[in-house]
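Undergrad: My questions will all concern the structure given below.
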Amino acid sequence: MLSVHQLRRVLAYFFLLTYLVLLAITWDGIDFASASRDGPLVLAFAVAVWLTYGLIYLLPALFLTWLVEKFVHREREIGHKAVFYPLAILSTGITTLFFFANAKLFTLYGIFINSFVINLVSTPGGLESLGASDASNATFAFIALGFLLLQAVLLAVTLFFYRKFGEPRWLPSRFFASLLILFAITTLGERMVYTYSAATGITSITSLTQKVPYYLGITARSLLSKFGVKVDRKKNDYQLAKGHLNYPLNPLEVEKPAKPFNVVWLVSESWRADTLDAEIMPNTWAFAQNAKRFTRNFSGGNGTRVGMFTMFTGIPGNYWFPMLAERKGAPVIDVLKAQDYQMSFFTSAKFSYPEFDATIFSQVPSEQLHEIPGGAQGWEKGSAERKQPAQVHRNTRQEQAVFYLHVL
0 MLSVHQLRRV LAYFFLLTYL VLLAITWDGI DFASASRDGP LVLAFAVAVW LTYGLIYLLP
60 ALFLTWLVEK FVHREREIGH KAVFYPLAIL STGITTLFFF ANAKLFTLYG IFINSFVINL
120 VSTPGGLESL GASDASNATF AFIALGFLLL QAVLLAVTLF FYRKFGEPRW LPSRFFASLL
180 ILFAITTLGE RMVYTYSAAT GITSITSLTQ KVPYYLGITA RSLLSKFGVK VDRKKNDYQL
240 AKGHLNYPLN PLEVEKPAKP FNVVWLVSES WRADTLDAEI MPNTWAFAQN AKRFTRNFSG
300 GNGTRVGMFT MFTGIPGNYW FPMLAERKGA PVIDVLKAQD YQMSFFTSAK FSYPEFDATI
360 FSQVPSEQLH EIPGGAQGWE KGSAERKQPA QVHRNTRQEQ AVFYLHVL
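Numbering (numbering that gives the first Met the number 0), first residue to last: 0 to 407.
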């Protein structure tokens with residue numbers, strides 16, 4: 000049976016091994032090659048950030064484990080097995096998994112887990128919009144289980160060697176205390192270097208931190224200038240205007256034509272304009288020859304959210320969030336409703352992600368928003384929808400115009 004002191008030592012070694020795992024995960028995030036080319040100071044800064052942030056990432060798990068330890072019965076090892084060990088495995092497993100996901104996300108898309116990613120995962124249809132399937136979800140579940148299993152193995156190995164050999168004799172008696180002191184000095188040093196570099200415009204230092212997840216830079220321009228440091232005055236002083244959304248600027252004036260056009264609006268994810276020709280898309284090309292084509296449209300972005308938003312509103316994509324907050328729809332839909340169009344909207348993904356049902360289509364009744372169910376691929380769902388325009392037209396009054404939107 001382990002004493003309280005021995006238990007703390009075991010967990011100290013366990014967290015040390017987990018720290019090494021985090022160093023391995025975050026290794027690719029630091030551009031050591033560029034840092035070495037920029038000189039020894041930049042390289043030393045890069046190494047310091049890499050070493051210190053690995054421990055900073057562990058602090059929440061360390062604090063949580065230490066806090067719970069205060070409430071564990073210290074006289075029985077059964078309390079450690081039932082509460083302490085699972086907590087240590089779970090907290091460190093979540094930490095390593097989180098930063099593994101961060102590393103992969105940055106490699107693929109150049110971003111870290113943020114509110115957008117959380118919104119993507121938590122909103123119904125978010126992952127499906129990226130083509131996620133049961134197989135991909137199962138793969139992620141196995142990866143998560145693998146990280147928890149890794150931490151369980153690390154703890155088991157630590158317990159085995161500690162019980163068999165005791166304290167490592169080759170380590171100094173105050174190894175962990177010395178490690179914490181070294182960590183504090185290194186962290187303070189790299190923060191001072193960053194503060195000075197940010198104030199004086201040394202971009203070779205500040206640019207390195209852009210690849211470090213959630214790096215919290217410290218600036219002190221005014222303070223350094225008081226000590227005679229020549230401060231770089233080039234900084235962003237932009238201020239965003241605040242207020243309620245005022246869109247459209249003027250009330251809509253709708254005059255219903257004698258014979259309104261039927262509208263078929265096709266939207267395809269990642270569809271390049273130059274593929275619409277007689278060779279690659281002969282049927283669509285033939286359809287386009289007898290329709291009006293608008294070839295001078297400029298998209299506000301290549302993402303689904305911004306691309307669709309600017310397509311229906313004609314305003315910059317950063318207005319998405321005010322329109323989402325106020326559940327403001329696209330004026331073109333208001334015009335169609337005012338002209339008594341029979342409207343039907345179809346998608347092979349979800350209208351809930353991105354939140355089109357709360358923005359550009361917020362004024363469209365839910366019974367007109369049709370999502371193709373099932374686990375088929377997007378193109379298969381799109382193929383199943385090809386007969387929908389004819390069906391919509393058959394169910395429409397003869398004098399009523401049709402608006403049909405199909406998002407592939």
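We put the CB at the ideal spot given by N, CA and C, even for glycine.
In this text, all values refer to a predicted model and were calculated from it rather than measured experimentally.
Would you call residue 294 buried or exposed, if buried means 16 or more other Cβ atoms sit within 10 Å of its Cβ?
TA: Exposed, because fewer than 16 other Cβ atoms sit within 10 Å of the Cβ of residue 294.
Undergrad: Residue 199 and residue 230 look like a contact to me (Cβ under 8 Å); what is the Cβ gap, rounded to whole Å?
TA: 7 Å between Cβ atoms; contact.
Undergrad: Using a Cβ-Cβ cut-off of 8 Å (strictly less than) and excluding sequence neighbours within five positions of residue 106, which residues of its own chain qualify?
TA: Only 27 meet the Cβ criterion.
Undergrad: Report yes or no: do the segment 153 to 168 and the segment 5 to 12 share at least 3 C-beta pairs separated by less than 8 Å?
TA: Because the criterion of three Cβ pairs below 8 Å is met, the segment 153 to 168 and the segment 5 to 12 touch.
Undergrad: Round the Cβ separation of residue 57 and residue 18 to the nearest angstrom and send it over; I've been treating them as touching at under 8 Å.
TA: At roughly 6 Å, the Cβ-Cβ gap stays under 8 Å, so residue 57 and residue 18 are in contact.
Undergrad: Could you round the C-beta distance between residue 298 and residue 310 to whole angstroms and report it? I think they count as a contact, below 8 Å.
TA: Right, their Cβ atoms sit about 7 Å apart.
Undergrad: Does residue 196 pass the burial test, meaning 16 or more other C-beta atoms within 10 Å, or should it be called exposed?
TA: Result: buried.
Undergrad: What separation, rounded to the nearest whole angstrom, lies between the Cα atoms of residue 255 and residue 302?
TA: Their backbone Cα atoms lie some 34 Å apart in a straight line.
Undergrad: If contacts are defined as beta-carbon pairs under 8 Å, then residue 331 and residue 253 qualify, I think. What distance do you get, rounded to the angstrom?
TA: With a Cβ gap of about 11 Å, residue 331 and residue 253 do not count as contacting.
Undergrad: Taking C-beta to C-beta, are residue 361 and residue 304 nearer than 8 Å?
TA: Cβ atoms of residue 361 and residue 304: not closer than 8 Å.
Undergrad: Any idea which residues DSSP pairs residue 346 with across the strands?
TA: Partner(s): 370 and 406.
Undergrad: Look up residue 264 in the DSSP assignment and give the residues it is bridged to.
TA: DSSP lists 404 as partners of residue 264.
Undergrad: Does the contact criterion of 3 or more C-beta pairs under 8 Å hold for the segment 264 to 274 versus the segment 350 to 358?
TA: Segments in contact, no.
Undergrad: Quick one: what does DSSP say residue 288 is sitting in, helix, strand or coil?
TA: Here residue 288 sits in helix by DSSP.
Undergrad: So what's residue 341 in DSSP terms, helix, strand or just coil?
TA: In this structure, residue 341 counts as strand in the three-state DSSP scheme.
Undergrad: Short of 8 Å in beta carbon distance, which residues of its chain neighbour residue 315, apart from the five on each side in sequence? Order them along the chain.
TA: Hits under 8 Å: 299 and 309.
Undergrad: Contact between the segment 103 to 119 and the segment 86 to 94: three or more CB pairs below 8 Å?
TA: These segments do not touch.
Undergrad: Tell me which same chain residues have a C-beta within less than 6 Å of the C-beta of residue 400, skipping the five on either side of it?
TA: These residues qualify, in order along the chain: 259, 261 and 340.
Undergrad: Compute the Euclidean distance between the alpha carbons of residue 249 and residue 328, then round it to the nearest angstrom.
TA: If I take the Cα positions, the gap works out to 15 Å.
Undergrad: Does residue 19 come out as helix, strand or coil in the three-state DSSP assignment?
TA: In this structure, residue 19 counts as helix in the three-state DSSP scheme.
Undergrad: Does the separation of the CB atoms of residue 16 and residue 157 fall below 8 Å?
TA: Closer than 8 Å, so yes.
Undergrad: Which class does residue 99 belong to by DSSP, given the choice of helix, strand or coil?
TA: If DSSP states are grouped into helix, strand and coil, residue 99 belongs with the helices.
Undergrad: By the three-class DSSP mapping on this structure, what secondary structure does residue 218 have?
TA: Reduced to three states, the DSSP call for residue 218 is coil.
Undergrad: Quick one: grab the DSSP three-state call for residue 7.
TA: Residue 7: helix per DSSP, three-state reduction.
Undergrad: Just to confirm, is the Cβ distance from residue 99 to residue 146 under 8 Å?
TA: In contact: residue 99 and residue 146 (Cβ atoms closer than 8 Å).
Undergrad: Which first and last residues belong to the alpha helix (DSSP H) in which residue 49 is found?
TA: Residues 39 to 55.
Undergrad: Using the Cβ count rule (16 or more neighbours within 10 Å means buried), how would you classify residue 101?
TA: Result: buried.
Undergrad: If you measure between the beta carbons of residue 55 and residue 150, is that distance less than 8 Å?
TA: Contact flag unset, no.
Undergrad: How many whole angstroms separate the CB atoms of residue 24 and residue 48, which I take to be in contact at a CB cut-off of 8 Å?
TA: With 8 Å as the limit, residue 24 and residue 48 do not qualify as a contact, their Cβ atoms being about 14 Å apart.
Undergrad: Leaving aside the five residues before and after residue 277 along the sequence, list all residues of the same chain whose C-beta is less than 6 Å from its C-beta, in chain order.
TA: Taken in chain order, the residues that qualify are 284.
Undergrad: Assuming residue 180 is part of the alpha helix (DSSP H), what are its boundary residues?
TA: Residue 180 -> alpha helix (DSSP H) spans 174 to 199.
Undergrad: May I ask whether a heavy atom of the ligand MN can be found less than 7 Å away from the beta carbon of residue 203?
TA: Ligands displayed in this structure: none; no statement on the ligand MN is therefore possible.
Undergrad: Taking a contact to mean a Cβ-Cβ separation below 8 Å, would you say residue 186 touches residue 217 in this structure?
TA: Not in contact: residue 186 and residue 217 (Cβ atoms no closer than 8 Å).
Undergrad: Between the beta-carbon of residue 44 and the beta-carbon of residue 189, is there less than 8 Å?
TA: Cβ atoms of residue 44 and residue 189: closer than 8 Å.
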